[in-house]
Amino acid sequence: MLPVDPSRPHRTRILLLCAAVILLFTFADVAAIGHFSWAAFSARVVWAALTAGAALYLPRAKPASQQLILYALGIWTSAFFALLTFLTGGSSSPLFHWILAMPVLVAVVVQDAPGVTVAAGVTTIISGLLLLIQGKAPVDYAVPWVVQAAAMSALAWYASSTYEQLRARELEALKKANAFDSEAARRKKAEEEVRSRDDFLAVASHELKTPLTSLNLQIQSLRASQSTSDETTKQKLEIIERQVRRLSGLLGELFDLSRLRQRQLDLNFSSVDVCEVSREVVGRMQPVAAQFDSQIHVELCGSLVGWWDRTRLEQVLTNLLSNAIKYGAGKPIYLHVSHDNGTAVIAVRDEGIGIAKEDQARIFQRFERAVSANNYGGLGLGLWISKEIVEGFGGSIFVESSPGKGATFIVRLPVTQPPKELAH
Ligand code: ADP
């Protein structure tokens with residue numbers, strides 16, 4: 018039997034109405050015996066009070082007690098009616114013919130409880146038989162009566178169990194719909210949280226960059242001033258400068274992370290010479306390489322102009338060269354730019370720690386690293402950002418490497434020209 022749903026106030030309403038009808042039908046007893054009977058009236062009052070009590074208590078009762086109350090309700094409904102029949106003349110009372118209706122009535126009021134209907138049916142048959150025996154009814158009258166009572170009970174049980182199945186299906190569908198709704202709400206909330214985290218990252222990293230730039234300028238002017246001619250101060254300033262550069266690199270990665278997650282990596286395309294950009298970036302990175310006892314060797318074509326975003330192209334080159342310096346074990350680094358059939362090929366090679374085969378694909382994903390954080394600092398974002406930029410240019414990036422033998426990162430960019438409307 019399905020649990021009674023306390024949110025169904027109609028059951029309480031119907032049962033209260035039943036209690037009222039039970040009292041209202043006092044006139045049927047009077048009509049049956051020709052005068053008012055206190056015994057019959059008392060039976061009706063007790064029956065109505067029990068039914069009203071059940072109506073009011075059911076919504077508050079625990080599920081197990083609810084089942085018990087419903088069974089009791091089914092049984093006492095049939096039993097009290099049989100008692101009234103007995104008090105108004107037994108099997109010869111006009112009420113006797115109505116006794117067959119009791120299981121149906123129970124099935125109508127407690128629709129989704131076939132067990133309760135069966136209990137009412139059994140009580141009806143037993144008490145009806147007792148009345149027939151008490152009235153000394155002949156067997157050929159009693160047998161068809163029992164058959165009728167059983168048929169009515171079976172019909173009531175069938176209707177009730179069909180209703181129970183329908184309600185079970187309805188509850189299942191409702192549960193699924195609720196689960197779907199709460200899953201959708203959970204997903205929406207998670208998306209909102211991620212979005213606000215990304216927004217925070219974007220704003221915070223952007224805001225932090227401003228004081229960092231001004232700090233950098235102060236360091237530059239200190240380095241240039243007379244007061245820093247002494248060697249120790251110079252060295253300390255160099256360390257500060259390096260850390261500031263590192264910090265602004267990390268902030269830049271965080272900023273790009275938030276932008277890329279929101280698919281907002283704006284690319285400002287213009288005609289860019291990749292060889293010129295490479296020269297410029299190498300010029301900036303050479304002192305950094307020197308700090309790691311390394312040197313960048315360059316082999317460039319004279320000029321190779323394509324339709325790219327200059328700042329982002331610089332970013333890719335800086336990322337690859339920084340990694341070559343970081344993981345290059347102080348050995349030489351080679352930057353090679355060439356033109357291959359409408360494609361610019363940029364290769365950054367080092368002779369450092371190298372990358373195992375199984376790590377070579379995943380290092381291009383967000384936060385993926387192939388080294389221990391204790392040995393090498395970093396967020397695992399540089400290659401992912403570079404890949405996103407290169408793919409934004411319609412190109413590709415991959416690595417060739419074996420552990421201990423260094424790594425070569427190869428970027429292939431289609432050398433497209435400005436769209437026609439911008440060409441003039
Ligand atoms: P990060 O350097 O901050 O960890 P990257 O996305 O730039 O993040 O690199 C991801 C990982 O790829 C690194 O942690 C490192 O394991 C590996 N890697 C990148 N470049 C090299 C390289 N030149 N040599 C060896 N390993 C590298």
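For the sequence shown, position 238 matches number 255 in the numbering used here, and the numbering has no gaps at all.
Ideal placement from N, C-alpha and C gives every residue a C-beta, glycine not left out.
Treat the numbers as computed from the prediction; the structure is a model and nothing was measured.
Where do the ends of the alpha helix (DSSP H) carrying His9 lie?
Here the chain has residues from 18 to 441 only, and residue 9 is not among them.
Is it the case that the CB of Ile414 approaches a heavy atom of ligand 1 more closely than 7 Å?
The residue labelled residue 414 in the question sits at position 397 within the sequence shown. Outside the cutoff, so no.
Taking buried to mean at least 16 other C-beta atoms within 10 Å of its own C-beta, is Pro26 buried or exposed?
Taking the first residue of the sequence shown as 1, we reach residue 26 at position 9. Looking at its Cβ environment, which holds fewer than 16 other Cβ atoms inside 10 Å, Pro26 is exposed.
Which of helix, strand or coil does DSSP assign to Thr141?
The count along the sequence shown starts at 1 and reaches residue 141 at position 124. DSSP places Thr141 in helix when its eight states are reduced to three.
Report the rounded CA-to-CA distance for Asp376 versus Asp198, giving the unit in angstroms.
Counted from its first residue, the sequence shown places residue 376 at position 359. Counted from its first residue, the sequence shown places residue 198 at position 181. Their Cα atoms are separated by approximately 40 Å.
Tell me which same chain residues have a C-beta within less than 6 Å of the C-beta of Gly397, skipping the five on either side of it?
Reading the sequence shown from its first residue, position 380 is the one you call residue 397. Closer than 6 Å at Cβ, skipping near neighbours: Phe384, Glu385 and Arg386.
Counting along the chain, where does the alpha helix (DSSP H) carrying Phe58 start and finish?
Along the sequence shown, read from residue 1 onward, the residue named residue 58 stands at position 41. Taken as a continuous stretch (DSSP letters only), the alpha helix (DSSP H) holding Phe58 covers Trp55 to Tyr74.
Considering only the alpha carbon of each residue, which of Arg184, Gln308, Leu330 and Asp46 lies closest to Gln260?
The residue labelled residue 260 in the question sits at position 243 within the sequence shown. Residue Gln308 is the option with its Cα nearest to Gln260.
Which residues share a DSSP beta bridge with Ile414?
Counting from one through the sequence shown, the residue named residue 414 turns up at place 397. DSSP, once it has assigned bridges, lists Val428 as partnering Ile414.
Does the distance from the CB of Leu317 to the CB of Val354 come in under 8 Å?
Locating residue 317 in the sequence shown gives position 300, counting from the first residue. Locating residue 354 in the sequence shown gives position 337, counting from the first residue. Judged by beta-carbon spacing, Val354 lies within the 8 Å limit of Leu317, meaning their Cβ atoms are closer than that value.
When we look at the beta-carbon of Asp326 and count the other beta-carbons within 10 Å, is it buried (16 or more) or exposed?
For the purposes of this step, residue 326 is taken as residue 309 along the sequence shown, with counting starting at 1. It counts as buried.
Which residues in the same chain have their Cβ closer than 6 Å to the Cβ of Ile406, if we skip the five residues on either side of it in sequence?
Residue numbering aside, residue 406 sits at position 389 when the sequence shown is read from its first letter. Excluding sequence positions up to five before and after Ile406, its CB lies within less than 6 Å of the CB of Arg329 and Val333, all in the same chain and listed in chain order.
Using CA coordinates, which residue listed in Thr68, Phe44 and Ser170 is at the minimum distance from Ala57?
Walking along the sequence shown from the start, residue 57 turns up at place 40. Ranking the options by Cα distance to Ala57, first place goes to Phe44.
Which same chain residues, not among the five before or five after Ser170, have their C-beta less than 6 Å away from its C-beta?
Here residue 170 refers to the residue found at position 153 when the sequence shown is read from its first residue. Once the five neighbours on either side are set aside, the close Cβ partners of Ser170 are Pro120 and Gly138.
Where do the N-terminal and C-terminal ends of the beta strand (DSSP E) with Asp273 fall, by residue?
Locating residue 273 in the sequence shown gives position 256, where the first residue counts as 1. Asp273 -> not in any beta strand (DSSP E); alpha helix (DSSP H) instead, spanning Glu248 to Arg278.
Using only the alpha-carbon positions, how far apart do Trp324 and Gly359 sit?
If you number the sequence shown from 1, residue 324 lands on position 307. If you number the sequence shown from 1, residue 359 lands on position 342. Approximately 12 Å between the Cα atoms of the pair.
Quick one: which unbroken alpha helix (DSSP H) runs of 4-plus residues sit fully inside the region 327 to 401? Chain order, please.
327 to 343
Determine the contact status of Ser311 and Lys251, defining contact as a CB-CB distance below 8 Å.
Looking up residue 311 in the sequence shown gives position 294. Looking up residue 251 in the sequence shown gives position 234. Not a contact, by the Cβ cut-off of 8 Å.
Measuring only from the beta carbon, is Tyr344 closer than 7 Å to any heavy atom that is part of ligand 1?
Numbered from its first residue, the sequence shown carries residue 344 at position 327. Answer for Tyr344: yes, Cβ within range of ligand 1.
Taking C-beta to C-beta, are Ala306 and Asp367 nearer than 8 Å?
Residue numbering aside, residue 306 sits at position 289 when the sequence shown is read from its first letter. Residue numbering aside, residue 367 sits at position 350 when the sequence shown is read from its first letter. Not a contact, by the Cβ cut-off of 8 Å.
Where Ser295 and Gly395 are concerned, what is the direct C-alpha to C-alpha distance, given to the nearest angstrom?
Mapped onto the sequence shown, residue 295 falls at position 278. Mapped onto the sequence shown, residue 395 falls at position 378. Their backbone Cα atoms lie some 23 Å apart in a straight line.
Relative to the C-alpha of Gly399, which residue among Phe410, Ile414, Asn392 and Thr249 is closest?
Position 382 of the sequence shown, counted from the start, is the residue given in the question as residue 399. Relative to the Cα of Gly399, the nearest Cα in the group Phe410, Ile414, Asn392 and Thr249 belongs to Ile414.
Quick check: is any heavy atom of ligand 1 less than 7 Å from the C-beta of Gly409?
Walking along the sequence shown from the start, residue 409 turns up at place 392. For ligand 1, not one heavy atom lies less than 7 Å from the Cβ of Gly409.
Ala173 and Val123 - do their beta-carbons sit closer together than 8 Å?
For the purposes of this step, residue 123 is identified with residue 106 of the sequence shown, where counting begins at 1. For the purposes of this step, residue 173 is identified with residue 156 of the sequence shown, where counting begins at 1. Cβ distance < 8 Å, so Val123 and Ala173 count as in contact.
Less than 7 Å separating the Cβ of Glu405 from some heavy atom of ligand 1?
Counting from 1 along the sequence shown, the entry for residue 405 is found at position 388. Answer for Glu405: no, Cβ out of range of ligand 1.
Helix, strand or coil for Gln151, going by three-state DSSP, please let me know.
Taking the first residue of the sequence shown as position 1, residue 151 is located at position 134. It is helical.
Taking 7 Å as the cut-off, is the CB of Asn336 close to at least one heavy atom of ligand 3?
The model on display carries ligand 1 but not ligand 3.
How big is the Cα-Cα spacing for Phe113 and Ala202?
Here residue 113 refers to the residue found at position 96 when the sequence shown is read from its first residue. Here residue 202 refers to the residue found at position 185 when the sequence shown is read from its first residue. Distance between the alpha carbons of Phe113 and Ala202: 59 Å.
Among the candidates Ile31, Ile402, Val220 and Gln182, whose CA atom is the shortest distance from the CA of Asp129?
If you number the sequence shown from 1, residue 129 lands on position 112. For Asp129, the nearest C-alpha among the options comes from Gln182.
Spatial neighbours of Pro420 within its chain, please: C-beta separation below 8 Å, excluding the five flanking residues on both sides.
On the sequence shown, position 403 is the one that residue 420 refers to. Excluding sequence neighbours, Pro420 sits near Ile370, Gly371, Ile372 and Ala373.
Should Gly70 be labelled buried (16 or more other beta-carbon atoms within 10 Å of its own) or exposed?
Start at 1 with the first residue of the sequence shown, and residue 70 comes out as number 53. When all chains shown are included, Gly70 counts as exposed.
Using the C-alpha atoms, what's the distance from Ile342 back to Ser320?
In the sequence shown, the residue the question calls residue 320 occupies position 303. In the sequence shown, the residue the question calls residue 342 occupies position 325. If I take the Cα positions, the gap works out to 25 Å.
Give the C-beta separation of Leu148 and Ser95 to the nearest angstrom, bearing in mind that I take them to be a contact with Cβ-Cβ under 8 Å.
The residue you call residue 148 lines up with position 131 of the sequence shown. The residue you call residue 95 lines up with position 78 of the sequence shown. That belief does not hold up - the Cβ atoms of Leu148 and Ser95 are roughly 12 Å apart, past 8 Å.
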